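A.B. asks: Attaching a single structure in structure tokens format; questions to follow.
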């Protein structure tokens, strides 16, 4: 059986297939914020400010986003950073799991590059909205609105 398509429809189908292939090859289809998946034990990746300093004196990974010194973070975030640096133990099973950067607010990297950790929120009946996200390049990001925005943490 032969199926015939108009040139316009054939071009649309080919374009859609190429777009899908591009998504698969770039890893955009695997995204994920709080997805609960883990790749092994939690890893400590936030031990120092990494990256090449730019003209502003800040690492490249900080450029273009708000930054906050570690001392200005809530005390619970500083406590979580100490746990990350020590390699745990962590209070929540989701701590140390892969953060997929679905929101694409952080620099793009392969899946598994970022890991997330809960920052307890006093009075919250659940994990709350606050998280620290660490990268394999020693980056640390803080969000207090469940991934709607991030601040680079200067350590």
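Numbering (the UniProt record's numbering), first residue to last: 1 to 155.
All C-beta atoms, glycine included, are put in the ideal place defined by N, C-alpha and C.
Owing to the predicted nature of the structure, the values given are computational and were not obtained by experimental measurement.
So residue 115 packs on residue 97, CB below 8 Å; how close in whole Å?
C.D. replies: Contact flag correct, Cβ pair sits at about 7 Å.
A.B. asks: Between residue 79 and residue 150, what straight-line distance do the alpha-carbon atoms span, to the nearest angstrom?
C.D. replies: Cα to Cα, residue 79 sits roughly 18 Å from residue 150.
A.B. asks: What alpha helix (DSSP H) runs, 4 residues minimum, are completely inside the region 74 to 101?
C.D. replies: List check, alpha helix (DSSP H) in window: 75 to 86.
A.B. asks: Comparing C-alpha positions only, which one of 68, 60, 58 sits nearest to residue 152?
C.D. replies: Comparing Cα-Cα distances from residue 152 to each of 68, 60, 58, the minimum goes to 68.
A.B. asks: Relative to the C-alpha of residue 100, which candidate in 61, 117, 128, 65 has its C-alpha closest?
C.D. replies: Closest option to residue 100, Cα to Cα, is 117.
A.B. asks: Cβ atoms of residue 147 and residue 131: under 9 Å apart, would you say?
C.D. replies: In this structure, residue 147 lies closer than 9 Å to residue 131 by Cβ.
A.B. asks: According to the neighbour-count rule (16 or more other Cβ atoms, all chains shown, within 10 Å of its Cβ), is residue 77 buried or exposed?
C.D. replies: Buried, because 16 or more other Cβ atoms sit within 10 Å of the Cβ of residue 77.
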